[in-house]
Structures are given as structure tokens and as C-alpha cells.
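Below is one structure, written out as C-alpha cells, with a few remarks after it.
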Amino acid sequence: GDGADSATAFLPSVFSGAGIITLFAAILAALHLYALIGLVPALAGLVAVAVLAIVLGWYSGPLLAAIGVVGAMAAPFIVGGESETPDLLYAYFTLVTLVGMTIDAVRRWAWVTLLALVLGYGAVALLYASSGGAEGLALALTLFALAAIAVPPLSLTPRQSGAALWQMFQPGLPAGWPGFPTRVAWGAFAASAAMLALLSTENAAAFWLCIILLAALFALLAIWARHAPALEDMAAAPLTGLLAVLVLAPKTGDGVFTTFTAFATAEPGTAMPATPFILAAIGAALSAVAAWRSLWGRAKATGWPLGWAAGAALAGPLTIGTLEIWWRPGEIIGAYPWALSAAAMAILMGLIAGWFAARDGDDKRRVALAVLAALSMIAFALTLILSDAALTLALALTLLIAAVLDRRYDMRALSLFVQAGVIVIGWRLVWSPGIEWAIYANLGQMVAAFTGSIVALVWAHSFLRPLKRTAALIMLESGAFTLGAVFLSLLIYRIPGDGYSYNTHWSTGLFALVWLASSANQIWRLRAGGGRLMRGIRLILAAVFGLTGLLILAALYLFLNPLTSAAEAVTGPIVLNSLLLGFLAPALLFGFVAWRFSNLPRWMRALLIATASLMAAYWLFLAIRHAWQGPILAKRGYGQGELYSYTIAMLLTGAGLLYQAITRHSTLLRRLAMSVIALTVAKVFLIDMSGLTGLTRVFSFLALGLSLAGLAWLNRWAAGQSDQTTAPQNQDVP
Numbered sequence: 001g002d003g004a005d006s007a008t009a010f011l012p013s014v015f016s017g018a019g020i021i022t023l024f025a026a027i028l029a030a031l032h033l034y035a036l037i038g039l040v041p042a043l044a045g046l047v048a049v050a051v052l053a054i055v056l057g058w059y060s061g062p063l064l065a066a067i068g069v070v071g072a073m074a075a076p077f078i079v080g081g082e083s084e085t086p087d088l089l090y091a092y093f094t095l096v097t098l099v100g101m102t103i104d105a106v107r108r109w110a111w112v113t114l115l116a117l118v119l120g121y122g123a124v125a126l127l128y129a130s131s132g133g134a135e136g137l138a139l140a141l142t143l144f145a146l147a148a149i150a151v152p153p154l155s156l157t158p159r160q161s162g163a164a165l166w167q168m169f170q171p172g173l174p175a176g177w178p179g180f181p182t183r184v185a186w187g188a189f190a191a192s193a194a195m196l197a198l199l200s201t202e203n204a205a206a207f208w209l210c211i212i213l214l215a216a217l218f219a220l221l222a223i224w225a226r227h228a229p230a231l232e233d234m235a236a237a238p239l240t241g242l243l244a245v246l247v248l249a250p251k252t253g254d255g256v257f258t259t260f261t262a263f264a265t266a267e268p269g270t271a272m273p274a275t276p277f278i279l280a281a282i283g284a285a286l287s288a289v290a291a292w293r294s295l296w297g298r299a300k301a302t303g304w305p306l307g308w309a310a311g312a313a314l315a316g317p318l319t320i321g322t323l324e325i326w327w328r329p330g331e332i333i334g335a336y337p338w339a340l341s342a343a344a345m346a347i348l349m350g351l352i353a354g355w356f357a358a359r360d361g362d363d364k365r366r367v368a369l370a371v372l373a374a375l376s377m378i379a380f381a382l383t384l385i386l387s388d389a390a391l392t393l394a395l396a397l398t399l400l401i402a403a404v405l406d407r408r409y410d411m412r413a414l415s416l417f418v419q420a421g422v423i424v425i426g427w428r429l430v431w432s433p434g435i436e437w438a439i440y441a442n443l444g445q446m447v448a449a450f451t452g453s454i455v456a457l458v459w460a461h462s463f464l465r466p467l468k469r470t471a472a473l474i475m476l477e478s479g480a481f482t483l484g485a486v487f488l489s490l491l492i493y494r495i496p497g498d499g500y501s502y503n504t505h506w507s508t509g510l511f512a513l514v515w516l517a518s519s520a521n522q523i524w525r526l527r528a529g530g531g532r533l534m535r536g537i538r539l540i541l542a543a544v545f546g547l548t549g550l551l552i553l554a555a556l557y558l559f560l561n562p563l564t565s566a567a568e569a570v571t572g573p574i575v576l577n578s579l580l581l582g583f584l585a586p587a588l589l590f591g592f593v594a595w596r597f598s599n600l601p602r603w604m605r606a607l608l609i610a611t612a613s614l615m616a617a618y619w620l621f622l623a624i625r626h627a628w629q630g631p632i633l634a635k636r637g638y639g640q641g642e643l644y645s646y647t648i649a650m651l652l653t654g655a656g657l658l659y660q661a662i663t664r665h666s667t668l669l670r671r672l673a674m675s676v677i678a679l680t681v682a683k684v685f686l687i688d689m690s691g692l693t694g695l696t697r698v699f700s701f702l703a704l705g706l707s708l709a710g711l712a713w714l715n716r717w718a719a720g721q722s723d724q725t726t727a728p729q730n731q732d733v734p
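According to our numbering, the stretch in the sequence shown is residues 1 to 734, in order.
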């Protein structure tokens, strides 16, 4: 007769809970400690007590349910003893967990389900740690996950609606927070998948059992839970767990992986292990199931067909990719058999793409995902069986095919494959096998690999330009120009012949010219627009290319300079020699950029002009020295005739600048010309005439004086001409 506000209101629940715990403990003690009953009577008794606990929980309140669940979970550990049949205890803990969830299903005490699951997972984990029994634990974990879907709504056909977990992260979707049943199911599936993955390392039997159970959970979500849109994204949990099993297998000391790798050292005639083929087939089966689920969802206009299409495109290829990374089947069973598995997966992806294409009309997103997976599998198969050059060309062709398909069918997802393809091709040509391979490989193969890849990138760019695939276009453009610069550098290195030393001033100058020209190209393309992102990428590329070229130029002037290194001999006749390539060509490029690139800031163009002038002057100095000294310029003195030649060159330069100042009416050029002339005068007085004597010295000074007087008159006349030109322009100014 106690009311709800009475101090003794909860005593019935407490005593009832104690009675339930006592009954559970008594049955377990009769079975394990005293062997008074067998397995069947014990199981029947436990089920009867569980039913009693459910009924009492429905009528007595949540406290009885909590006490009953906690006590029932703790009873086996309190009773103690050792069990030779831990599988019964796994069944017992599963039963208790189901009891707690069933009480919640009727009375809607959500925390009872959460308590039952947490204690259930903890109890089976402790039981496994003390008594083993991988098979029993695996089955219990699977039942926990399935019960979390079916028991709370009390439905053998899950129909959880509302927001799915993935919708929480999608902007613009009216999803909201997933309901409690969805969150409970997600937690149970994630926990079961993680524990099954860890359990798979026990032995070979546990490995295969966990693989099968994880695949079954994926398939059940696709088929059995197809009417529960809130649970669709849970398929990611068992798929991730299955891939984790494959990753963890090589880290164990014994098991399926060890047996598989033993084939590499087996006696001739030993049958090839089918392990990787079976695992790949399981992945293919999951892709087929996901494709069916996507088709069903599209036909019923329900659920998330695109998500299942992504699962279909990922399950099989990810299985093969994980095996390749962690198991290396090609090294054990051979490249061709493993490549055939990848080719078979590509065929399946093609079939799935056909299924989607027949039903999707203008919406090609699902088709694009399947085609993307097929192209990836084709590219992977090619990596296993082709040589370095052939593989690079095949990957470039695959990238081009993706661009063509995107242009033809407007499948935006394929642009992701194009972007990845640019990265992979660049990686192969620059890094692995990369530059080292390009240096020592056959010249024809190297040229074919680079030219074929560059042409494919440029061609793909032309296909995608009308579609405005901004990211893909940026990747293609930057990749083509970067690989072009690398290719030209390699040609400069390779063309002279295998025995030719590439560490020369002329080849280094050309190296710098290639990268500086690539930087200039990116700066020029800024005029084409393309949006803020495109502009930023081009600026970054211009900076990287330009910095690379400047570093190479620094190496040229510091370490490979013919003036300081006797090992750097100048080759070729006067003027038309290697100095032209090494020193004048970069200077001309700087001058051309300053002249033509009007989009550059004024200060940058002035800096480029100054740099080009200094580099050209240094080239002229080296060219004159080569005319007097021959191939070796370093460690030799300066003759009187050579010094006079420098003076004449400086006078001619000053006169030329002064002439340009007159014709252009440029005050800046006139001042620059007079600076050069003043420098010439200083050189004459300090260097040239220091060794002259007698009448030669007198006449030399006389000739110099007359020359300077003439230049002074010319400068005055040029200044007057400049004043006359600007005066009419200013006469109307008040």
C-alpha cells in the first residue's frame, strides 16, 4: 500500500531484484560448482528467470530492471569457479542483455537498454579474457549488434526513421540529432565491429569467422534493414571492421597470413593459396549487395541510393587495395594472378555502372562512382604487370579516358580521378621511380613516358575546360607545366651522351632557364583570369619555379663559374660559345619578361631590367676574356689589350645607352649612360693607365679627354633636346 512518495516505495523493486539475482546465481552454481544439473536444464532455468525478470520489470519500475541486469551480469563472477563450457556463459550474458533491452522496448526506459549493452559488452570481454572462447564471443558480439536494431522497436523488420548520423554533417539538410534508437544501434555496431576486428587475430578460425560475421552484418544492413533509412550509414562500421581485420592479420605471429606467406618458400608444385582470391571475392560480393541496395532505394525513392552506390564502388576496390598494401599478394602468388583479380573487380564495377546507367537518366553520379572504381582497378592491374615507362603511359591514358567520359556524360565525380591521376603520374615521373629512373633508363623510354604524360594532361585539360572543373583544370595545368620543366631539364642532361658531365656552366644555365621560363609562363597566364583559386595556384607555382631557377643560377655563379673554376672550360668559338647558353640566355629571359609582361608591378620590372643588365654585362666580360685567354678563364692575369677591350666595350655601352636616351627622350637612360661612362673613366684612370709611360701615357690621356668632352657635349645636347620636347607639353599648364 506504499505510495510513490513513500520512503519504502522502492523496497519491492529492491527485494524483487535481489530475488532475480539469487535465482540466476543459484542456477549457475548448480551447473558450474556442484554439477547438479546439465546444460539444457540450466539454460531452460536461465530463460525462465529472464522471462520472470522481464515481467516483473514491466510492472515494478526501472529500479528492478537495473538491479536485475546489474546483478545478473555480476552473478557468474560472484559465484566464481571455472567453466569448461564458456559458450554457455556467452549465451547467458547475451540473454541478460536481451532482457534489459526488452524491458526498455515496452516501458521506454532508454537508459536500461544502454546499461544492458554496456554491461553486456564488458561482461563478454571479461569472460573472454579469463576463459577464452573466440567463437562464442564473436557470436555474442554479432547478436548484440543485431539486437540493438530489432529489440528496442520490437520489430523483426527494422524501420527506424528520422535523421541518420551522416546527415548531421551535411549543411543544408533538415536532419537534426539522430534519435536514441539510432544512436544505440550505431554504438552497438561500432563496438561489435571493433571487437570483432581485434578478435580476428586469435587464430585462423577466428579470422575467418570474424570476416564472415562482419560481411554478414554489412549484408543484413543492406537487405534486412532496408526499410530503416536512419540506419543506412551504419554499413560503414562492419566494412571498416572487415578492412581492419585485413590490416591486423600481418601483425600476428600465427594465423592465416603466416600460412599464406609460407607459399613463397614452399616446395615446387605446392598449390597456390586461395586466401587473397577468397577475400577479394568477399569484397566483390559486398559491392554487389551495396549496388542492389542502391538500385532498390532508387526504385522505391527512399533512403540514400548515392551513399550505397559509393559503398558499391568502395567495398571491393578497398578490399583489394588493403590486401595489396598489407599482404603484398603479388610478391607471393605472382603479379599476373593478382592482376587478374583486380581486372575481375574492374569488370564488376563496369557491370554495376551499366546497371546504374540503365536507370539513372541524366543523373550520372552513381555511374560516375562505379566508372571511377573501374578505372582505379584497371590502373592498379596495370601497375602490377607493366614496366615503368609503359605503366606511366597507361596511367596517363586512363586519366585521359576519365576526362573524355566526364566530357561525354557530364560525370563530375570523374574529375576526382583526374586529380588523383595527376598526382600519381607526377609521383611516378618525379619521385618513384622518378628522376633517378629517367636519368639511367633508355632515352627513348624516358622521352615516351614524359611526352605521353604531358600530352595526356594537356589533352585532358582541353576536354574539361568547357565543363569548368576548376580543381581538375588547376591540377592538369600545373602538372603539365611542371612535368614539362622537368622533362626539358632531363633532356639537357641526357642529350650530350651518357659519358658527358652534366655539371657544366652551360647545362646549369639551361636548367635555370627552363625553370625561370616556367615561372614566367605562370605569371603570363595570370592575365587569363580564372578566379581567385586559379590565380593563387599560379602564383604559388610561379614562386616555386622561380625560386628553383634562382637557386640553380646561384649554383652557376658560385660553383660552376668559368672565371673562378679552372675545371669549367668554355667550348665553342668567340661569342657563339657555351657562355651564350649559360649566362646570356637567362639574362635575355629576364629582359624579355621586363619588356613584355606589362601586368607586373613597376618595381618588379625595374628589378628585372637591372638584373638582366648586370647578367648581360657579366656575360660580355666573360666573352671578352674568352677572346683573349681561350677556353680557360680562371687563374690567369689580364693583359693590356684585354683591359683596353673592356674599356672600349664600356664606352660603346655608354654611348649606346646615351643614344637610346636621346631617341626615347628618357632622363633615366641618360643618367644611366653617364653612370656607365663615369665608371669607364674611373677604370681608365685606376687600371688601364697605371702601367703606361712616356708619350703613350700622354696621348692616351689626350684621347680620353677628347672622348669625354665629346660625350659631355652629347649629354648636354641630349638634355636640351629633352627640355625642348617637354616644354610644349607644359606651356599650357598654369
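Where is the CB? At the ideal position from N, CA and C, for every residue including glycine.
Keep in mind that this is a model prediction, so the values were computed, not measured.
Asked	Found
Proximity to I347 [Cα-Cα], best of P329, G536, I378 and L607	I378
DSSP three-state assignment for H505, whether helix, strand or coil	helix
Own chain, CB closer than 8 Å to E642, minus 5 neighbours either side, in chain order	I624, R625, W628 and Q629
Reference L137; option with closest CA among G509, V99, D87 and G100	D87
Backbone secondary structure at M615 - three-state DSSP	helix
C-beta contact flag for T653 and V684 at 8 Å	no
Chain D within 8 Å of R366, Cβ atoms only	Among the chains in the structure shown there is no chain D, since it carries only a single protein chain.
Status (buried if at least 16 other CB within 10 Å, exposed otherwise) for P573	exposed
Host alpha helix (DSSP H) of E642 (start-end)	Q640 to R664
Nearest-angstrom beta carbon gap, A204 and G255 [assumed within contact, 8 Å]	5 Å
Touching by the beta-carbon criterion (3+ pairs, under 8 Å), the stretch 203 to 217 and the stretch 133 to 149	yes
Per-residue burial, T663 [other beta carbons within 10 Å of its own, 16 or more giving buried]	exposed
Where H521 falls: helix, strand or coil (DSSP)	One detail in the question is off: residue 521 reads as Asn in this sequence, not His. If DSSP states are grouped into helix, strand and coil, N521 belongs with the helices.
Option nearest R636 by Cα separation, candidates L706, A649 and P562	P562
L214 versus A285: straight-line alpha-carbon distance, rounded	13 Å
Span of the alpha helix (DSSP H), counted from its first residue to its last, around W208	A204 to I223
Whole-angstrom distance between M73 and L119, CA atom to CA atom	7 Å
Beta-carbon gap between W186 and L165 smaller than 8 Å	yes
Contact between the stretch 608 to 617 and the stretch 580 to 599 (3+ Cβ pairs under 8 Å)	yes
Candidates A403, S130 and L141: closest to Y121 by CA position	L141
Cβ neighbour criterion (16 or more within 10 Å) applied to R532	exposed
Inter-residue Cα distance where the pair is L115 and T97	9 Å
Other residues of its chain near T259: CB distance less than 8 Å, five sequence neighbours each side excluded	A204, P273 and T275
R329 burial status per 10 Å Cβ neighbour count (16 or more: buried)	What sits at residue 329 in the sequence shown is Pro, not Arg. P329 comes out buried.
Beta-carbon gap between L246 and W338 smaller than 8 Å	no
Beta-carbon contacts of A18 that lie in its chain and below 8 Å, excluding the five residues immediately before and after	I67 and G71
DSSP state of L173 mapped onto helix, strand, coil	Since pLDDT at L173 reaches only 48, below the 50 mark, its modelled position is unreliable, and no value is offered.
The alpha helix (DSSP H) enclosing P773, as first and last residue numbers	Summary: the structure shown does not reach residue 773, with the chain confined to residues 1 through 734, and so no result is reported for it.
A413 and L476 closer than 8 Å at C-beta	no
Inter-residue Cα distance where the pair is L457 and G479	7 Å
Reduced DSSP secondary structure (H/G/I, E/B, other) of E568	coil
Contact under 8 Å by Cβ, L608 with L510	no
Length of the line joining the Cα atoms of L242 and A335	24 Å
From R183, L516, A661 and V418, residue whose alpha carbon lies closest to that of T470	V418
E331 - containing alpha helix (DSSP H), residue span	P329 to I333
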